[in-house]
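In this note's numbering, the protein residues as written are 617 to 1016.
Structure, rendered in structure tokens:
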């Protein structure tokens, strides 16, 4: 019996190592490909007018080859809770191809959703290959390592990746060996990704200054408004998806019409800066240059993109929306430094919209240093409460 247990642990360790190595390599390829397609789009602005065709192609591929994969991150999170529907391996190329096409043609989206889907597909394939799907505890464990590996390698935050894998699926009951293996997967995938070429943005360190009554009041206001913006994002995305599906019966037409609407909005209001990843918004948010409406413009273009069924994540746009909001509020009178306000907004909007406050604390420390923690202790609980139970991960609302 003991020999069987040792054999099982060796198999688990080998499986987790394989998932982590594969995800590190895939994440590096994905991040570098995103940089490439965004650079191409910036040099060829006319690509935006091909977005309806790209949307129809993406939707057709999902309908033709793997309808189940269209559920995306929510299917992965449900599988991590033991849901019986397996993650199809087709989710990996569909999510990867769809996201790159979204960015190439000017949709506004992120990248985390794709990495989590790839992690889930890889974990499912390896779980099945080694016969570990028969015990649901180990199936869930390996799915969570895939989630952690994908998130960690994409953002360069192995500790946040670990907590994300616990918090996002809303599942707790796993074998005792789980924490070590999930932490191991997060760090290994991040290391492999960096070794083979992944690079991650560096953010300014937040310094802890003396906290006065004015500072506390400013943090409370920031928390209220960050929660309000997070609520606005999730509510708008959910509502627009429902409107599209109520009014348009064919999914392919939803993508085409949604793309036409997005092109019209971008052209009419000159929102070219908000296409793709829009990483320049970070530079503006942490400096004096942020536009007063950056956060609303990015929110609008992202909601229009994702509601129409285009692939990509929500997290990077949420980072940008929150950072831009913090910058604006400083210029409206908050007694915080631009760096502190932008960093707190960055984390609070993400943590509230994704319904993962603990991950928010950890990510804040990893990206901005320990100095941000006292500020987050005020901002995140307030924003989390204000945003109510709405979340970008709707599977969290249907826990059985």
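From the three backbone atoms N, C-alpha and C, an ideal C-beta is built for every residue, glycine too.
The DSSP-derived three-state label of residue 724 is strand.
Residue 688 carries a coil assignment under DSSP once its states are collapsed to helix, strand and coil.
Proximity to residue 927 across 871, 955, 904 and 976 peaks at 871, based on C-alpha coordinates.
Of the residues assessed, residue 667 falls on the buried side of the cut-off, its CB having 16 or more other CB atoms within 10 angstroms. In this structure, the beta-carbon distance from residue 631 to residue 758 falls below 8 Å.
A residue is called buried once 16 or more other Cβ atoms fall within 10 Å of its Cβ, and residue 795, having fewer, is exposed. DSSP places residue 892 within a strand segment (E or B) once states are collapsed to three. Short of 8 Å from the beta carbon of residue 1007, and not among the five residues preceding or following it, lie these beta carbons of its own chain, in chain order: 850, 969, 970, 971 and 1013.
For residue 995, the secondary structure class from DSSP, reduced to helix, strand or coil, is helix.
Nearest to residue 743 by C-alpha distance, out of 756, 733, 686 and 680, is 756. Within its own chain, the residues whose Cβ lies closer than 7 Å to the Cβ of residue 985, once the five positions on either side in sequence are excluded, are 821 and 822, listed in chain order. Judged by DSSP in its simplified three-state form, residue 653 adopts helix. Take residue 812, set aside five residues on each side of it, and the residues of its chain with a beta-carbon closer than 6 Å to its own are 641 and 644, in chain order. Taking 8 Å as the cut-off, the beta carbon of residue 958 is found closer than this to the beta carbon of residue 942. Taking a cut-off of 8 Å on C-beta distances, the segment 929-945 touches the segment 908-916, as three or more cross pairs fall below it.
Residue 891 counts as buried, since at least 16 other C-beta atoms from the protein chains shown sit within 10 angstroms of its C-beta.
Remark: C-beta atoms of residue 722 and residue 652 do not approach each other more closely than 8 Å.
Distances from the alpha-carbon of residue 750 to those of 698, 734 and 779 put 698 closest. Its Cα nearest to that of residue 647, the residue 767 stands out among 767, 763, 706 and 752. Within the same chain, 637 and 640 come within 6 Å of residue 808 by CB-CB distance, once the 5 residues on both sides are set aside.
Beta-carbon to beta-carbon, residue 853 and residue 919 are separated by about 5 Å, close enough to satisfy the 8 Å threshold. Boundaries of the alpha helix (DSSP H) around residue 806: 794-811. Considering only 886, 679 and 675, the residue with the shortest C-alpha distance to residue 717 is 675. When the five nearest sequence neighbours on each side are left out, the beta carbons in the same chain lying within less than 6 Å of the beta carbon of residue 737 are those of 703, 705, 707 and 708, in order along the chain.
DSSP, reduced to helix, strand and coil, places residue 746 outside both helices and strands of the structure shown, so it counts as coil. Remark: C-beta atoms of residue 847 and residue 1004 approach each other more closely than 8 Å.
About 7 Å separates the beta carbons of residue 831 and residue 952, which is inside the 8 Å limit, making them a contact pair. DSSP, read as helix, strand or coil, puts residue 867 in helix. Here residue 703 carries a coil assignment [DSSP, helix/strand/coil]. Around the beta-carbon of residue 975, 16 or more other beta-carbon atoms lie within 10 Å, marking it buried. Residue nearest to residue 734 within the set 785, 691 and 950 is 691 (criterion: CA-CA distance).
With at least 16 other beta carbons inside 10 angstroms of its own, residue 806 counts as buried.
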